[in-house]
Amino acid sequence: MSNVYDVLAERGYIEQATHEEELRELLEKEKVSFYIGFDPTADSLHVGHFIQVMVMMHMQKAGHRPIAIIGGGTAMVGDPSGKTDMRKMLTKEQIEQNARSFKEQFSRFIEFGEDKALMINNADWLLELNYVDFLREIGRHFSVNRMLTAECFKTRLEKGLSFLEFNYMLMQSYDFLELYRRYNCKLQMGGSDQWSNILGGVELIRRVEGASAYGLTFKLLTTSEGKKMGKTESGAIWLDAEKTSPYEFYQYWRNIDDKDVEKCLALLTFLPMEEVRKLGSLEGAEINKAKETLAFEVTKLVHGEKEAVNAQQAAKALFSSGSEGGSIPFTEMARSQFTTGIDILTLLQEAGLTSSKSEGRRLVQQGGIYLDENRVEDFNLIITERDFEDGKLMIRKGKKVYHQIRLI
RNA sequence: GGAGGGGUUCCCGAGUUGGCCAAAGGGGGCAGACUGUAAAUCUGCUGGCUAUGCCUUCACAGGUUCGAAUCCUGUCCCCUCCA
């Protein structure tokens, strides 16, 4: 069980790999530098990236060296894989800013240092490429016929694919070559949508350097229905506490589908596999224990133990007795606003629970709003200081969304 | 550059003999019931508001008309075929 490859396989990360056996041996024998690319298209990593971060952690633990590549150069082109539309192009400044946020977040999970792990922006070499040289050196190794048969371009061939995007594969392949030359990086990993791009790099290194390089892809984190996980109606689940509070983060995992629990425990926590299997095999209401463990462990990894405990306590308190907990989302409002009273619809909006008064009105009419566990019957209700206890008022929307108003 | 087709509410997508269109249907989402903070199922809702009425929406800007998503003119954008 000491081989990381086996660990990764057992936990269910691996989708496919080039030369499985060779790669396994390589990981057994030597310290391998490997890379995973990240597109800096947002200012924070989200849950979808986290699985890749987990892999880097596993690999680093096993003594290998992760190289996180920030696609500063490639982001300026946009990866067409799996997309139906052309991506928005980002400005250089945005990309740089995002790259900084990424690095900060990576440091929470991976130890950086010359020998430990690196983070590199591929803009370093991509931006100064000379077009003609690139074509002569790299372009000649790619067959358009072959590329067109690649899965990642198929959907785009129907809808239209610009030449700019068509080049993405070459750029990513070139990244791998460059990393091989500079850091002796022999392995590229990525989501399964990256398979063709990774293969491109592996082949390029073989042709240009005559050396062996390897590729490995992970399963994309999807729900049992095949949807991408980590997306909610209100957007992605971010690793940044500012964008997704630890409480919400915890709740996301707590509310996960029964069928996804075991998979997530294996992929997103470091719990031993025996325990993962044990938890995953719980039946009926019992499986809630597994969900609690999952939520706690993942929150702990991402936000630290303290936040995880807070989130867990808040959740338990709310869902078992309805009393308040420590870290539920809240809004602070001036006491003076409540001397004359404020109507419920406005209050809901202030708390961010509804986006319009009409929406609030509907919610109340349908019986979806509660104040301290009492259903609100009338949408003309006026809230005053007297409704508060200890300067706090708990509003609940639906079954699970809690929000507290605090007087200041 | 030439020929043709099209841009509708969160998304897909009806609607173009002008009024009955805040706009069918589906998806998604939200809420209710049932439950285990799960899934499935059933029900309701899904532009805004100082709300039985009023206001703003059908690419954009004008025009015709008592009245336009629907007709006319111009502009922008997208797609397909030809070069």
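Residue numbers (the numbering used here): -11 to 396. Each residue gets a CB set at the ideal place from its N, CA and C atoms; glycine is no exception.
Is it right to say residue i is buried, meaning 16 or more other beta carbons lie within 10 angstroms of its own, or is it exposed?
{"i": "Val132", "result": "exposed"}
{"i": "Thr327", "result": "exposed"}
{"i": "Leu152", "result": "exposed"}
{"i": "Ser344", "result": "exposed"}
{"i": "Val43", "result": "buried"}
{"i": "Lys251", "result": "buried"}
{"i": "Asn243", "result": "exposed"}
{"i": "Leu123", "result": "exposed"}
{"i": "Ala105", "result": "buried"}
{"i": "Thr79", "result": "exposed"}
{"i": "Asp378", "result": "exposed"}
{"i": "Val120", "result": "exposed"}
{"i": "Lys174", "result": "buried"}
{"i": "Gln301", "result": "exposed"}
{"i": "Ala28", "result": "Before going on, a small fix: residue 28 reads as Pro here, not Ala. By the 10 Å Cβ count, Pro28 comes out buried."}
{"i": "Pro54", "result": "buried"}
{"i": "Gln354", "result": "exposed"}
{"i": "Ala273", "result": "exposed"}
{"i": "Met(-11)", "result": "With a pLDDT of only 46 at Met(-11), under the threshold of 50, the placement of this residue in the model should not be trusted; the figure read from the coordinates follows. With fewer than 16 Cβ atoms within 10 Å of its Cβ, Met(-11) is classed as exposed."}
Look up residue i in the DSSP assignment and say whether it is helix, strand or coil.
{"i": "Pro54", "result": "strand"}
{"i": "Arg363", "result": "strand"}
{"i": "Val20", "result": "coil"}
{"i": "Asp375", "result": "helix"}
{"i": "His7", "result": "coil"}
{"i": "Glu347", "result": "helix"}
{"i": "Thr327", "result": "coil"}
{"i": "Ala254", "result": "helix"}
{"i": "Arg242", "result": "helix"}
{"i": "Ala105", "result": "strand"}
{"i": "Leu117", "result": "coil"}
{"i": "Gln301", "result": "helix"}
{"i": "Lys49", "result": "helix"}
{"i": "Glu320", "result": "strand"}
{"i": "Ala(-3)", "result": "helix"}
{"i": "Lys380", "result": "strand"}
{"i": "Gly198", "result": "coil"}
{"i": "Thr205", "result": "strand"}
{"i": "Val80", "result": "According to the sequence displayed, residue 80 carries Lys and not Val. Helix."}
{"i": "Arg96", "result": "coil"}
{"i": "Gln182", "result": "helix"}
{"i": "Ala339", "result": "coil"}
{"i": "Ala224", "result": "strand"}
{"i": "Met(-11)", "result": "With a pLDDT of only 46 at Met(-11), under 50, the local geometry of the prediction cannot be trusted, and no value is derived from it."}
{"i": "Gly36", "result": "helix"}
Assuming residue i and residue j are in contact, meaning their beta carbons sit under 8 Å apart, how far apart are those beta carbons, in whole angstroms?
{"i": "Thr319", "j": "Ile396", "result": "Not confirmed; about 10 Å, so no contact."}
{"i": "Val35", "j": "Ala278", "result": "Actually they do not touch by this definition, with Cβ atoms about 18 Å apart."}
{"i": "Leu167", "j": "Tyr23", "result": "6 Å"}
{"i": "Asn110", "j": "Asp31", "result": "No, Asn110 and Asp31 are not in contact; Cβ-Cβ is about 19 Å, not under 8 Å."}
{"i": "Gly198", "j": "Ser161", "result": "Actually they do not touch by this definition, with Cβ atoms about 16 Å apart."}
{"i": "Phe164", "j": "Ile126", "result": "Actually they do not touch by this definition, with Cβ atoms about 11 Å apart."}
{"i": "Ile275", "j": "Asp246", "result": "6 Å"}
{"i": "Ile58", "j": "Phe90", "result": "6 Å"}
Do residue i and residue j have their CB atoms nearer than 8 Å?
{"i": "Thr62", "j": "Tyr156", "result": "yes"}
{"i": "Ala296", "j": "Gln239", "result": "no"}
{"i": "Phe206", "j": "Ile2", "result": "yes"}
{"i": "Arg323", "j": "Glu271", "result": "no"}
{"i": "Leu381", "j": "Ile332", "result": "no"}
{"i": "Leu136", "j": "Gly179", "result": "no"}
{"i": "Ser21", "j": "Tyr171", "result": "yes"}
{"i": "Gly348", "j": "Leu336", "result": "yes"}
{"i": "Lys387", "j": "Ile357", "result": "no"}
{"i": "Tyr202", "j": "Leu11", "result": "yes"}
{"i": "Gln40", "j": "Trp183", "result": "no"}
{"i": "Pro234", "j": "Ala339", "result": "no"}
{"i": "Leu256", "j": "Val264", "result": "no"}
On a CA-only basis, which of the options is nearest residue i? Give me that one, please.
{"i": "Gly101", "options": "Ala339, Ala56, Met159", "result": "Ala56"}
{"i": "Phe38", "options": "Val196, Val120, Leu227, Glu285", "result": "Leu227"}
{"i": "Val190", "options": "Arg170, Glu10, Gln176", "result": "Gln176"}
{"i": "Met45", "options": "Tyr119, Glu99, Gly329", "result": "Glu99"}
{"i": "Gly330", "options": "Gly356, Phe367, Leu351, Ala305", "result": "Residue 330 is actually Ile in this sequence, not Gly. Minimum Cα distance to Ile330 is reached at Phe367."}
{"i": "Val389", "options": "Ser346, Ser(-10), Leu306", "result": "Leu306"}
{"i": "Glu139", "options": "Tyr119, Asn185, Met107", "result": "Asn185"}
{"i": "Glu116", "options": "Leu255, Arg194, Gly60", "result": "Gly60"}
{"i": "Ala50", "options": "Glu16, Gln300, Asp27", "result": "Glu16"}
{"i": "Arg88", "options": "Ala254, Met107, Glu13", "result": "Met107"}
{"i": "Glu18", "options": "Gly0, Gln48, Pro28, Gly25", "result": "Gln48"}
{"i": "Phe258", "options": "His7, Arg(-1), Trp241", "result": "Arg(-1)"}
{"i": "Pro317", "options": "Glu236, Glu13, Leu114", "result": "Glu236"}
{"i": "Glu92", "options": "Glu280, Ala229, Arg363, Asp375", "result": "Ala229"}
Just to check, is the beta-carbon of residue i closer than 7 Å to a non-hydrogen atom of the ligand ADP?
{"i": "Thr79", "result": "With respect to small molecules bound, the structure shown includes none, and the ligand ADP cannot be examined in it."}
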